[in-house]
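A.B. asks: Encoded as structure tokens, here's the structure I'll be asking about.
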Amino acid sequence: MPVHTRWGLHRLGPTTAPLVAFVVVVVTCRPAHAYVDPGTLSIVLQGTVAGIAALALYFRARVTKLFSIFRRRSKCEEPEAPGANSGGKAESDPDDQ
Amino acid sequence: MIDPASFRDPAGRVHHVDGRIFRAVHRAGLQDWLFVNGSEVFQRLVQRGAVLGADEVDPGVLGGDAPTGGLVLEHPRIPFWSYPYEWSFGALKAAALAHLDLQIELLDHRIALSDGSAYNVQFLGTRPVFVDVLSLRRYRANEHWAGYRQFCQQFLYPLLLRSKFGVPFQDWFRGRPEGIAVEEVAHLARWHHLLSLGMLLHVIAPGRLQAHAGGWVETRATRAQARGLPMSRYRSLLLQLRDWIAVLRPRAQGPSTWQDYAWGATYDRAEAAAKRALVECFARSVRPALLLDLGCNTGEYAGLALRAGAQKVVGLENDHGALERAFAHAHRATLDLLPLYQDCTDPSPGQGWNGREHRGLVERCADVEAVMALAFVHHVVLGRNIPLADVVRWITSLAPCGLIEFVPKDDRAVQRMLSLRDDAFPGYSFDAFLAALHRHARVVAQRTVSQSGREIVWFVRDAQ
Chain A
201 MPVHTRWGLH RLGPTTAPLV AFVVVVVTCR PAHAYVDPGT LSIVLQGTVA GIAALALYFR
261 ARVTKLFSIF RRRSKCEEPE APGANSGGKA ESDPDDQ
Chain B
981 MIDPASFRDP AGRVHHVDGR IFRAVHRAGL QDWLFVNGSE VFQRLVQRGA VLGADEVDPG
1041 VLGGDAPTGG LVLEHPRIPF WSYPYEWSFG ALKAAALAHL DLQIELLDHR IALSDGSAYN
1101 VQFLGTRPVF VDVLSLRRYR ANEHWAGYRQ FCQQFLYPLL LRSKFGVPFQ DWFRGRPEGI
1161 AVEEVAHLAR WHHLLSLGML LHVIAPGRLQ AHAGGWVETR ATRAQARGLP MSRYRSLLLQ
1221 LRDWIAVLRP RAQGPSTWQD YAWGATYDRA EAAAKRALVE CFARSVRPAL LLDLGCNTGE
1281 YAGLALRAGA QKVVGLENDH GALERAFAHA HRATLDLLPL YQDCTDPSPG QGWNGREHRG
1341 LVERCADVEA VMALAFVHHV VLGRNIPLAD VVRWITSLAP CGLIEFVPKD DRAVQRMLSL
1401 RDDAFPGYSF DAFLAALHRH ARVVAQRTVS QSGREIVWFV RDAQ
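From first to last, the protein sequence lines are chains A and B. First residue of the first sequence: 201, per this note's numbering; consecutive thereafter. First residue of the second sequence: 981, per this note's numbering; consecutive thereafter.
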């Protein structure tokens, strides 16, 4: 049984529960004074890290989609000001520091 | 000669023969190489310049070192080899994004990378190019990302040091060529970093578990290995890292000493024009294939030299603000300028295994055809107490010809440097400089470029 289910955290929802369980485990773990090979740890964590990353990407895509609907609606409702630039603002140079 | 850094990969070795670069593909790596080389995506990446090209040649070029049952490839030569601990934040970020983009594109065609090493990326100008073609291999169903930890240590954590904590990564990284350890970065994290998903997933969690986890990790690892990582999750991990790294910015540390240095600071308009004219004349006459600019600042004079005839410039600078601006300027203007972090009084040494895995700076300057040291000597002599004659000898040893600017004691910049300390440099004079120069080179041209008496000398080194 996954940790978050065992602790009843699954009631928090499908995204929050594993994340909260992850934070709790990370914050509450105690020194074990044992050698842990970093490569081995990387394998153990990768599944969880990649899973949370996938969820984060999924929800961000949904939120972006939702915002784009509202943006489209508000654009339709607002009459375009005469002479307004419809091209949007120029993208900034990502490497311009 | 086998490249001293090429000993880890059982799939092959890099050989240097008469200035040409060959890669022996051993039997262990042959099948993967044939699969990768036969793929349409690999050829596309080579054409686009994201991956270094590799042409199959007659194995006889390696003589007795030719691999049995393998083949030999030839790579185009990288004009100047650099290491991630010498790159600016902007350069390391560009390399990290290029590495992830490459992986994402390759994964879609069932090709994976066997490691996540930043040393497998080199720069052509400000464009990163992936050089280790034998790191590419056929994707195995449900495999984990083998290079995840290495990618974090050599790309992500150095970037985070600067971005989240304001600590320049270069010196730390040079002290740990294998990369910054997760425990060290996690130790710097504060509670508010728990609110950052990226920090939580890639730094705090592995850092705490590394320090606190016990023997259960071995059991979990065996289970995780057996379970595998679905390709969709593998891809998500790459995408999430890419999105995060793309928005990282170097944390402002206030204006640095040299980033706002301008011609007008020490020159009036006419003096600046005279200096520019001499740099342009030098570059136009010599047309060096590789020019080394010591103390390149934001790359203004390097840019001039490139426009006048230099083919490629490597700039050395130890001011982080100026270095970032130089990289951004070169990138925007598509200049073939690679600015590197370097303290010239302590240039990168040979290090890694046997002290030869990562070559020292001076060793890598063998192909330099010209050197510029503009307003550089006084910083090293008066600021770091290096004897004038030693500095001149070092500069002339780097290239067969060059420009050196001498700033006299009457100059405002030198007076500022000496204002709070005793003048312990009675031998610092233009005559002493010229005498030191004449021991190694002859003077082709000499021009006074400021009212304070700044002199620029064009030298040609004596035949050795």
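Quick reminder that beta carbons are idealized off the backbone N, C-alpha and C, glycines included.
#1: Is the shortest distance between the beta-carbon of residue 249/A and the beta-carbons of chain B less than 8 Å?
#2: Taking only the alpha-carbon atoms, compute the straight-line gap between residue 1288/B and residue 1280/B and give it to the nearest angstrom.
#3: Does the distance from the C-beta atom of residue 1306/B to that of residue 1278/B stay below 8 Å?
#4: Looking at chain B, is there any beta carbon in it that lies within less than 8 Å of the beta carbon of residue 240/A?
#5: How many angstroms separate the CA atom of residue 1184/B from the CA atom of residue 1380/B?
#6: With a cut-off of 8 Å, does the C-beta of residue 244/A fall near any C-beta of chain B?
#7: Quick one: list the residues of chain A neighbouring residue 1125/B, beta-carbon separation under 9 Å, in chain order.
#8: Should residue 1440/B and residue 1421/B be called a contact, given that it needs their Cβ atoms to be closer than 8 Å?
#9: When the distance is taken between beta carbons, is residue 1354/B closer than 8 Å to residue 1408/B?
#10: State the beta-bridge partners of residue 1426/B as determined by DSSP.
#11: Below 8 Å on C-beta distance, what does residue 256/A contact in chain B?
#12: Closer than 8 Å, Cβ to any Cβ of chain A: which residues of the segment 1181-1208 of chain B, in chain order?
#13: Residue 1094/B: which of 1131/B, 1382/B, 1106/B sits nearest, CA to CA?
#14: Should residue 261/A be flagged as near chain B, meaning a C-beta pair shorter than 8 Å?
#15: If we ignore side chains and look at the alpha-carbon of each, how far apart do residue 1104/B and residue 273/A end up?
#16: For residue 1330/B, which of helix, strand or coil comes out of DSSP?
#17: Please state whether the Cβ-Cβ distance between residue 1284/B and residue 1259/B is less than 8 Å.
#18: Buried or exposed: residue 1149/B, going by 16 or more other Cβ atoms within 10 Å of its Cβ?
#19: According to DSSP, residue 1297/B sits in a beta bridge with which residue or residues?
#20: Is there a C-beta anywhere in chain A that falls below 8 Å from the one on residue 1137/B?
#21: Shortest alpha-carbon distance to residue 1030/B belongs to which of 1181/B, 1433/B, 1021/B?
#22: Excluding five sequence neighbours on each side, which residues of the same chain lie with their C-beta closer than 6 Å to the C-beta of residue 1076/B?
#23: Using DSSP with H/G/I as helix, E/B as strand and the rest coil, what is residue 1458/B?
#24: Taking Cβ positions, are residue 1320/B and residue 1352/B nearer each other than 8 Å?
#25: Measuring CB to CB, does residue 1462/B end up less than 8 Å from residue 1388/B?
#26: I want to know whether the segment 1039-1054 of chain B touches the segment 983-1001 of chain B - three or more CB-CB distances under 8 Å.
#27: Taking the alpha-carbon of residue 1256/B as reference, which of 1122/B, 1340/B, 1427/B has the nearest alpha-carbon?
#28: Restricting to Cα atoms, I'd like to know which of 1221/B, 1107/B, 1056/B, 1310/B is closest to residue 1179/B.
#29: Using the Cβ count rule (16 or more neighbours within 10 Å means buried), how would you classify residue 1065/B?
#30: With DSSP run on the structure shown, which of helix, strand or coil describes residue 1385/B?
#31: So within the segment 1106-1163 of chain B, which uninterrupted beta strand (DSSP E) runs reach at least 3 residues, ignoring any that extend past its ends?
#32: Report all residues from its chain with a CB closer than 6 Å to the CB of residue 1425/B; omit the five preceding and five following residues, and keep chain order.
#33: Three or more beta-carbon pairs under 8 Å between the segment 1300-1315 of chain B and the segment 1324-1338 of chain B, yes or no?
#34: Which residue marks the beginning of the beta strand (DSSP E) containing residue 996/B, and which one marks its end?
C.D. replies: Let me lay it out:
#1: yes
#2: 13 Å
#3: yes
#4: yes
#5: 51 Å
#6: yes
#7: 242, 246, 250
#8: yes
#9: no
#10: 1437/B
#11: 1177, 1220
#12: 1181, 1182, 1184, 1185, 1186, 1188, 1189, 1190, 1191, 1192, 1193, 1194, 1195, 1197, 1198, 1200, 1201, 1204, 1205, 1207
#13: 1131/B
#14: no
#15: 46 Å
#16: coil
#17: yes
#18: buried
#19: 1321/B
#20: no
#21: 1021/B
#22: 1135, 1225
#23: Not covered by the structure: residue 1458/B. The range shown for chain B is 981 to 1444.
#24: no
#25: No information on residue 1462/B is available, as it lies outside the stretch 981 to 1444 that chain B covers here.
#26: yes
#27: 1427/B
#28: 1221/B
#29: buried
#30: strand
#31: 1107-1110, 1116-1118
#32: 1438
#33: no
#34: 992-997
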